[in-house]
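Working notes for the structure below.
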Amino acid sequence: MRGSCSAGKARTRWELIARGRPLPERLVVSAFPAPRLPRHAARVSDRTDAELVADLDERYGGIPPQIAADADLTALLLPVFRADLTLLDKHRHGEGEPLPVPLDVLGGEADVVPAEALTQGKEHSTEYVRVRRFPGGRFYFRDDPVPLLSLLARRT
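Start counting the sequence shown at 4; every next residue gets the next number (my numbering).
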């Protein structure tokens, strides 16, 4: 469940319609600012490994200690993190029609993505936009997944 999947929403909408496919029942975005807002000041993809690890710690709560303690595993995963962040660096939000599906925008109360950045996505849906913040940081669902699972289980 990544907010970055909203980057291609307009194109995806038209592809679904062109193929006669149904649109999703709703879009759920977690811990990600509205698409038109800047993501971060520096290009994360150009950083050294040490800078990348520090940025992951600052922005996302770090790499889990079990992984960080294993140098081989960290070396294996850093290129994956770098590739993911490179996609974010290169993405530019284009204008497009709002999706005709409900939008749930979720985040942690202690996340680096401020509440204002979550609420600014309202123009991306013609249906309801529900913003919900949960106790915790970026990965609020790790400590207590029940509130998130309950929200996802509800149809509206």
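Ideal Cβ placement from N, Cα and C applies to all residues, glycine included.
Practice problem: In angstroms with no decimal places, state the Cα-to-Cα distance between residue 70 and residue 80. | Solution: Roughly 9 Å between the two C-alpha positions.
Quiz item: With respect to the beta strand (DSSP E) encompassing residue 137, which residues constitute its N-terminal and C-terminal limits?
Solution: Here the beta strand (DSSP E) through residue 137 covers 132-137.
Exercise. In angstroms with no decimal places, state the Cα-to-Cα distance between residue 126 and residue 74.
Key: C-alpha of residue 126 to C-alpha of residue 74: approximately 44 Å in a straight line.
Practice problem: Reducing DSSP to helix, strand and coil, say where residue 5 ends up. | Solution: With a pLDDT of 38 at residue 5, under the threshold of 50, the modelled position of this residue cannot be trusted; read the value that follows with caution. Assigned with DSSP and collapsed to three states, residue 5 falls in coil, not helix or strand.
Exercise. Report, in whole angstroms, the separation of the C-beta atoms of residue 154 and residue 102, which I expect to be a contact under 8 Å.
Key: The Cβ separation is near 19 Å, so there is no contact.
Self-check item: Nonlocal neighbours in the same chain, by C-beta distance under 6 Å from residue 146, ignoring five residues either side
Solution: Excluding sequence neighbours, residue 146 sits near 139.
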